[in-house]
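So the working numbering is basically just the index in the sequence shown, starting at one, shifted up by 567.
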Amino acid sequence: MNQKEKLQAEYDIYHICNFPHGVGLKVKVGEFKPYFPHGEQLHLYEDMIEWATGTRHMPSAVCSVDCHPGFRKFHQEGMAACCFDCTPCPANEISNETGKCLFTAVGNPSD
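Below is the structure:
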């Protein structure tokens with residue numbers, strides 16, 4: 568198989584439910600198309616997935632809320648990597664959309 572043929576592969580994503588007495592159910596819940604643009608390669612059929620909460624709505628991560636401008640992410644020790652507090656950026660620093668503070672040069676603008 569050459570490189571071009573490998574790029575054309577598509578993958579179906581299945582959820583397999585096992586029930587008592589050897590009974591199972593295979594449900595297609597999405598697909599992956601590597602040749603689609605980045606960020607559009609994975610498609611999940613949210614209405615086909617029943618989460619442990621008993622709903623069909625994709626749960627959000629507990630720690631997924633971004634920090635507002637002027638704040639940065641500060642990791643909560645002993646917690647998962649996605650858990651953080653938002654703390655103000657130090658003086659002479661600003662935040663961008665990633666939740667990190669960037670140093671800014673401070674000086675008098677020339678006339």
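Glycine is no exception: its CB is placed at the ideal position from the N, C-alpha and C atoms. Keep in mind the model is a prediction, meaning the values are calculated, not measured.
- Assigned with DSSP and collapsed to three states, residue 642 falls in strand.
- Under the three-state reduction of DSSP output, residue 610 falls in the strand class.
- The three-state secondary structure of residue 621, taken from DSSP, is coil.
- 582 is the residue among 599, 598 and 582 whose C-alpha sits nearest the C-alpha of residue 592.
- Between the region 609-624 and the region 633-652 there are fewer than three inter-stretch CB-CB distances shorter than 8 Å, so the stretches are not counted as touching.
- The DSSP-derived three-state label of residue 582 is strand.
- In the displayed model, residue 589 falls within a helix according to three-state DSSP.
- Non-local beta-carbon contacts of residue 653 in its own chain, meaning distances under 6 Å to residues more than five positions away in sequence, involve 634 and 638 in chain order.
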